[in-house]
Amino acid sequence: MDPIIILQAGVASGTVLLFATIGEIIAERSGVMNLGVEGMMLIGAMTSMSVVLATGNPWIAVLVAMFAAGLLSQIHAVIAIRFRADQVVSGLALNFAGIGLALVLGETLNKAGALSLLPAFSIPVLSAIPVLGPIFFTQQSVMVYVGYLLVPAAWLFINRTRPGMHLRAIGEFPAAADALGINVAGLRHLYVFIGGMLAGLAGATISLAVSPGWFSEMTTSGQGWIAIGLVIFAQWDPVRAAVGSYTFGALRRLILDIQGPTTILSLRNPFYYMPYWGFFLEMLPYLFTIAVLVIGSREAMRKRLGAPSALGIPYVRGERGL
Amino acid sequence: MTTPDRAVPRPRGRFPVEIRLEPRTAQPRWLGLAVSTGAVIVALLLGAIVMAAAGGDPFRAYGFMVKAAFGEAGVFSDTMVKATPLILLGAACAVAFSMKLWNIGAEGQFFLGAFGASAVVLTPLLPPETSPWIMIPAMILAGMLAGALWGFIPGILKAKLNVNEIITTLMLNYVAVNWNNFFIYAVWSEGGFQMTHKFPATAWLPRLADYAKQFPQLRGLTTHLGLVIALVAAVIAWWILYRSRWGYEIRLAGDNPRAAKYAGINISRNTILVMMLSGALAGLAGMSEISGVVHRLQGSISPGYGFSAIIVAWLAKLNPLAVIPVSVLFGALIQAGREIQPSGVPKMIQGIVLVCLIGSDLLLRYRVRILVRRQEA
Amino acid sequence: MTETALAVGMRGICKQFPGVLANDCVDFSLRKGEIHALLGENGAGKSTLVNILTGLYRPDRGAILVDGRPVTFGSPRDAISCGIGMVHQHFMLVPTQTVTENILLGLDHPRFVMRLAEHEKTIAELARKYGLPVEPGRKVWQLSVGEQQRVEILKMLYRGVQVLVMDEPTAVLAPQEIDELFKTLRSMVAEGKSVVFISHKLHEVMAIADRVTVLRKGTVTASEIPVAETNKEELARLMVGRDVLFELEKKPKAPGEVVLAVEDLRAQNDKGLPALRGVSLEVLAGEIVGLAGVAGNGQSELAEVITALRPATGGRVLLHGRAVVGEGSRATPGLARWMIDAGVSHVPEDRTHVGTAPNLSVTDNLIMKSYRKSPIARGLAIDGDRARLAAERLKQAFDIMVPTVETPVRLLSGGNLQRLILAREIDSAPKLMIAMQPTRGLDVGAIEGVHRLLLEQRDAGAAILLVSEELEELVDLSDRIYVLFNGEVMGEVREADAATIGLMMTGTRQADLKAGEGVR
């Protein structure tokens, strides 16, 4: 039970959550809540595996997976934005449909042969840094490094660019944006698409990098939902999302590893001798998510921060602001 | 006083055809049923397309479904067994959704209900010789209480701290499965297998097949008393929602919380109570399933009933009575699903049905007009 | 005066909304370099007219000319590109973004990555030039309302508008801020820009405007009068109606005890600004008390405090002598219930969001107050047949036009929705009724019906507080009229002429009237 290994694996596993969480942050910042993340992740995982088996090229697989998930997200986008239906139910519907589709189309995948995975490597200078090097920069999948770049890129985009400013505006006060000529509906479609693509990327990361293989629904095992919870914990900020994602990733790895050794810190390891206590460990990520939500809600109530004001509310011109 | 203008068509796009949504001013009664039926048909068609693309045989699959629903007694009986928990879970979802409380945790409450009922038998709270007239009601009560507890937690978090109940209920699903697994593997396990001891016969819900001696036609029919319980519960749930004062308050609070406050309704208290009722119904489903079908507590007691129930409730337009026939339909789907390749088909069809339903709701609220626009001068 | 010296000309503007002719062949001209006030009550058509001017609506008929050239606007963006912009009464600012971001919203610059520094410099220049101090880096929600308004103005100035429409700009400002605003406006027009200034506060109009146009019920009653050539009395008269003597002739009825007493009530509005600044009034059993005043002067907040939907920050409300709000009252969660049981009825201004549940049936909406008591209630249940019968009865009595009483309420037209709410509130035989704009959106026959009902309630001993934009309605029905302005009661009248009421509605206290000519 080497803490370095746990954290290193945690970063890898957390990258999956990171992609999904940031994708949902972007969609929700534009004012649309997309609860179909789990379904889109599964579609991404399934698609990437299918394509990799067919073409042998993991990069193409990733791109196709992202596109497929993004396309799926547009069903929800049309229903939520154009049809102005209730976004909760629409997102759930997308979720079920996505999971169902992935299961059906991915039926044959568990008999698959060898996969060509995405490359993993170390970064030369950085991996020599004590402590941080082995964790963050040694033998990690390329996707992990993409994740490192995504966080500041997302943050900069949202907070320091003009399109990012418009993104925030349409999620907070779409009437003001509309009055100044911004195409609220069109932009919302775009950002839901981007959110979908990132969820698909998360799924592809599972299949081709972190936990290769197809395990039906267990491939994602609720991470899509944890991501939605993390969005609230992150207060819709990519940097906080990273903190949350990597922490959760480490937690999941810890849960796995803690059941292995016979002693921990030279004490008898209760999880080794009474293996079924592992079930309580399995509960932890989900209980943590609830705890995280409770903290997030209280903070929002106190700090006048919180969700984008127009989140979940269909925008209809003519209903002015307040 | 100034009614805002309907959005003036902006000469933005280059499409000569414009699709405009106009709010309906009247809604004939047949429209709801027609739209829902249309949505289901479209969903089945889409499902068939996907199945064909994945190499399956849609006609065979749908053939199984029809047989399961309308075929011979044996298959129909199995369908009803599948429909039983769906009725209860569908009613549970209908109750919660009527107040716009998104209880996605019916699955977890189902598991906890199974746990509660099992605890009565396996701890053992009541000795195996206890008369079934005491044992069964005790299990029912325990199952409902356990489910109500699992609904209480997200309920109070939502009421007091405004924590999103979608995620809390969902997370509790996973917690519930692991909780049950612990007891199945570690505490009550039978010789290392992944299931508990079989329940004593006094803890079994009677089945039609039990009377095969007197009525030979009933041989092999596994429909159990749980069905009666489910039907009764559905009627009670319907009565609560549509005939009682409390149900009126629930529906009013779900439709417009401000108006409900004006009418003097306590939203916070009702949130908790409704979640507990929903959880109790789901817990009852859990009890019914283990006492009527598998007669022990084990890990796999649900092919996703709790999630199917969401779609059932929505298709039934949140009416617990309508939940009954819809549950039979979905029961047939799940039953047939055991024969269909690929095995994810029932789930997929359910998902597509829900998508089509949501999309079709649009037609209920708006009339769709297609206009051909000329170029603006 | 040639057309080209006009900044803007509006000719023959007509705009019809369902049920109401908002603008009836209105002509309006704005010269370059002037401040032109637009005066009128609610429903006079001012908002519609300026919304047409700034591109939000399209006129059914008529033309808009900018610098002598005819233009059509498809959206507010088009109007802005022609140099016409509006500062709304309800600000269109994104609260979580900074001043600079709000000003730059929707523009094609800055380039992709925002280097805000030089834009902030431009904004600071602009701000200094027009006397609109702002801190570009602060987030909007941190700003005071006055500062927010400055951002709105800067937003328009930054886009180079030459014509600025200001919709009730002083409603949210402190006196000092008003002076600063006026300085800004004057420096703008000195440059050749023009301002359309919508207001119902006569003293301000007299102070700042060069010319005035008065609208009443969709038509122009006074066109482009130079302010120097008129006075407040005349303007008030033009705004409110021809010289009519308002005499309240009622069946003499000895009103009973005090049902509602409001003592020095203070409350805030949704933005945290004071909406009620010490309102005192009483309503006795068996009388109708009218509340006159332009909307936005505290009427809604007053009704909400009395019906326990809004907290008070000072003062008291007493019902039948018992304190229900403020000092001496017990703030119980069941206050709303107690009010219903005590016979308090409320016909709200916002029918859809407060008053009804859109997806429930007509029947369900009608029993909202009566469902706990028999005969509608029967033990734990609701007697569906009785409820339906009651609904049918109300449907007949109040002429609610629906196919059946099971129809979902969201399909009802505005007028029918109002009738439903009235039916529900009147049917509970209230002891106190707060009626806000009860006849808004109804046709003549329906209005008469409502008036009859209100008078019936009065004769039956109910105490009624009637808030209405229609002075004639108040006069027809009320035993007494209070005039509300800026959160205070300006005066109480039993008879008055149009000018007097008009002056009170626009800011003159009753006491000051008696002291001679209307002063500020």
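Residue numbers (this note's numbering), protein chains in the order written: chain A, 177 to 498; chain B, 293 to 669; chain C, 16 to 535. Quick reminder that beta carbons are idealized off the backbone N, C-alpha and C, glycines included. Every value quoted in this text rests on a predicted model; they were computed, and no experiment measured them.
With fewer than 16 other Cβ atoms from the protein chains shown falling within 10 Å of its own Cβ, B/L337 counts as exposed.
The DSSP-derived three-state label of C/N38 is strand. Taking a cut-off of 8 Å on C-beta distances, the stretch 380-397 of chain B touches the stretch 592-607 of chain B, as three or more cross pairs fall below it.
Chain order gives the chain A residues near B/S635 as L279, E283, where near means a beta carbon separation below 8 Å. In terms of Cβ geometry, C/V41 and C/V235 form a close pair [threshold 7 Å]. In this structure, DSSP gives B/K609 a state outside helix and strand, which the three-state scheme calls coil.
Listed along chain A are F272, each with a C-beta nearer than 7 Å to that of B/F599. Runs of the alpha helix (DSSP H) spanning 4 or more residues and lying entirely within the stretch 358-409 of chain A occur at 360-381, 399-409, in chain order. The beta carbons of A/V208 and A/A256 sit closer together than 7 Å. Against C/L120, the close residues of chain A are M341, H342, A345, A352, A353, L356, I358, in the order they occur along the chain (beta-carbon pairs closer than 9 Å).
In the structure shown, C/G27 falls within a strand segment according to DSSP collapsed to helix, strand and coil.
Taking a C-beta cut-off of 9 Å against chain B, the contacting residues of the stretch 211-230 of chain A are L211, G215, listed in chain order. Among the residues facing chain B, C/R401 is not included, as its CB has no counterpart in that chain under 7 Å away. Taken in chain order, the members of the stretch 244-266 of chain A whose beta-carbon sits within less than 7 Å of a beta-carbon on chain B are I251, I255, F259, A261, V264, V265, S266. Interface flag for B/G324 against chain C is unset, since no Cβ pair is found closer than 7 Å. Beta-carbon to beta-carbon, A/S303 and A/P310 are separated by about 7 Å, close enough to satisfy the 8 Å threshold. As the crow flies, the alpha-carbon of C/A402 is around 37 Å from that of A/A269. Using a Cβ-Cβ cut-off of 7 Å, A/F349 counts as an interface residue toward chain C, since at least one Cβ of chain C sits closer than that to its own. Residue pairing by DSSP places A/Q316 opposite A/F297 in a beta bridge. Against A/T337, the close residues of chain C are F127, V128, M129, in the order they occur along the chain (beta-carbon pairs closer than 8 Å). Membership of C/F413 in the alpha helix (DSSP H) is indicated by the continuous run 399-413. Within chain C, the C-beta atoms nearer than 7 Å to that of B/S536 come from L395, A396, I397, in chain order.
Going by DSSP, A/Q263 is part of no beta strand (DSSP E) but of the alpha helix (DSSP H) stretching over 263-281. When C-beta distances to chain A are compared with 9 Å, the residues of the stretch 336-348 of chain B below that value are G339, V342, M343, A345, A346, G347, G348, in chain order. Contact of A/W401 with chain B is assigned, a C-beta pair being separated by under 7 Å. For A/G472 against A/I402, the beta-carbon gap comes to about 13 Å, at or over 8 Å, which does not count as contact. Counting only Cβ-Cβ distances below 8 Å, A/T465 has contacts in chain B at I459, M463, in chain order.
Cβ contact annotation for B/T515 (same chain, cutoff 7 Å, sequence separation greater than five): S369, M372, V373, R499, L500, in chain order.
Assigned with DSSP and collapsed to three states, C/L147 falls in coil, not helix or strand. Taking every protein chain shown into account, the CB of A/Q315 has fewer than 16 other CB atoms within 10 angstroms, so this residue is exposed. When the beta-carbon positions are compared, B/M567 and B/G447 come within less than 7 Å of each other.
Under the three-state reduction of DSSP output, C/L350 falls in the helix class. At least one beta carbon of chain C lies nearer than 7 Å to the beta carbon of B/R550. The bridge partners DSSP lists for B/P446 come to none.
When secondary structure is reduced to three states using DSSP, C/A396 falls in the strand class.
For the 7 Å CB-CB criterion, B/A495 and B/P612 do not form a contact.
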